[in-house]
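Q:
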Amino acid sequence: MRTIPYLLIALRFILAPVIAFVAYYTDENARHLILILMYSGILTDIFDGIIARKAGVSSEKLRRLDSQTDLVFWLSLGFAAYFLNSDLIRNHWKIISVIFIMEVLCYIISWMKFGKETCTHAFLSKMWGLSLLLAFTYLIGFGTVGWAFYLMAGLGFVAHADVILIILILPKWQYDVPSCYHAWKIRKGKQRKKSVFFN
Numbered sequence: 001m002r003t004i005p006y007l008l009i010a011l012r013f014i015l016a017p018v019i020a021f022v023a024y025y026t027d028e029n030a031r032h033l034i035l036i037l038m039y040s041g042i043l044t045d046i047f048d049g050i051i052a053r054k055a056g057v058s059s060e061k062l063r064r065l066d067s068q069t070d071l072v073f074w075l076s077l078g079f080a081a082y083f084l085n086s087d088l089i090r091n092h093w094k095i096i097s098v099i100f101i102m103e104v105l106c107y108i109i110s111w112m113k114f115g116k117e118t119c120t121h122a123f124l125s126k127m128w129g130l131s132l133l134l135a136f137t138y139l140i141g142f143g144t145v146g147w148a149f150y151l152m153a154g155l156g157f158v159a160h161a162d163v164i165l166i167i168l169i170l171p172k173w174q175y176d177v178p179s180c181y182h183a184w185k186i187r188k189g190k191q192r193k194k195s196v197f198f199n
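For reference, each letter of the sequence shown is one residue, going 1 to 199 in full-length UniProt numbering.
1) What residues in its chain sit with their C-beta under 6 Å from that of Ile4, if we drop five residues either side in the sequence?
2) Extract the residue ranges of the alpha helix (DSSP H) inside the segment 100-156, only unbroken runs of 4 or more that lie entirely within it.
3) Count the C-beta pairs between the segment 5-23 and the segment 121-131 that are closer than 8 Å, then say yes if the count reaches three, no if not.
4) Please report the distance separating the alpha-carbon of Gly146 from that of Ile34.
5) On the criterion of 16 or more Cβ atoms from any shown chain inside 10 Å, does Met152 qualify as buried, or is it exposed?
6) Taking the alpha carbon of Lys61 as the reference point, which residue from Lys116, Ala81 and Ser40 has its own alpha carbon closest?
7) Going straight from the alpha carbon of Ile36 to that of Ala81, what length do you get?
8) How many angstroms separate the CA atom of Arg187 from the CA atom of Gly49?
9) When you compare only the Cα positions, how much space is there between Trp93 and Leu170?
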């Protein structure tokens, strides 16, 4: 049980290049296969946290590994969406660029302040992850933008702003901080309990 979360994270990491490879080297018929791989990766993301808590191995190391693997996984889906819908992506490059810039800012600010990457697993970031899943389902599965793309963009902006505020407010680096409000409570000296954090 103690090794299963690591194996699930490793599986999600392996799925990332497979998704990009399938999207780049195959035709339109690959769309449904990529969706299957995407949802398989999402399931590993859900169950690695559940099993880690049950097995008592939800540590800083595991959470950081999970966070960075998530980044690689979502980037692979971004590449897949571009390979399959290059015109659509180019038509919305400004919105996508804003999200990318904010993601990079989160890492830069965290490294400048703490010397570590961000690993908040904030609640709004999780909501953004769900909207990403919807947006990629539309883009990859059906080759269309739809309302899910704009929902993803709006939530992405708000979620990244929240993470930046968390980083700026926290007096020292911590993982699993649900929101900037919780970061403010930590700054004021009210220590968090693991049970109230979203994993």
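All C-beta atoms, glycine included, are put in the ideal place defined by N, C-alpha and C.
Since the model is a prediction, treat every value here as computed from it, not as a measurement.
A: On the basis of the supplied data:
1) Ile51
2) With a minimum length of 4 residues, the continuous alpha helix (DSSP H) runs that stay inside the segment 100-156 are 123-136.
3) No: the two stretches stay apart, fewer than three of their Cβ pairs being nearer than 8 Å.
4) 19 Å
5) buried
6) Lys116
7) For the pair Ile36 and Ala81, the Cα-to-Cα distance works out to about 14 Å.
8) So the two alpha carbons sit approximately 26 Å from each other.
9) Within the model, the alpha-carbon separation for Trp93 versus Leu170 is close to 32 Å.
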